[in-house]
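S.K.:
Residue numbers (full-length UniProt numbering): 1 to 50.
Rendered as structure tokens:
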């Protein structure tokens with residue numbers, strides 16, 4: 001029983017770590033895409049105004 005519990009704890013730690021990693025990757029990707037679209041809009045605006 002203790003062995004199962006311990007294995008479960010390790011598994012939970014691993015899961016939470018993996019989830020955090022995945023969330024970080026997803027956040028980074030979405031942030032990059034938002035930055036790219038903002039940059040594109042900014043470039044378009046500058047091109048149109050000049």
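Cβ atoms here follow ideal geometry from the backbone N, Cα and C, with glycine treated the same way.
Between residue 10 and residue 42, what straight-line distance do the alpha-carbon atoms span, to the nearest angstrom?
M.R.: Position 10 of the chain shown holds residue 10. Position 42 of the chain shown holds residue 42. Using only the alpha carbons, I get a separation of about 47 Å.
S.K.: Skipping 5 residues on each side, what residues in its chain have a beta carbon closer than 6 Å to that of residue 23?
M.R.: Taking the first residue of the chain shown as 1, we reach residue 23 at position 23. Within the same chain, residue 23 has no close Cβ partners at all.
S.K.: Using the Cα positions of residue 21 and residue 40, report the straight-line distance between them to the nearest angstrom.
M.R.: For the purposes of this step, residue 21 is taken as residue 21 along the chain shown, with counting starting at 1. For the purposes of this step, residue 40 is taken as residue 40 along the chain shown, with counting starting at 1. When rounded, the distance between both Cα atoms is 29 Å.
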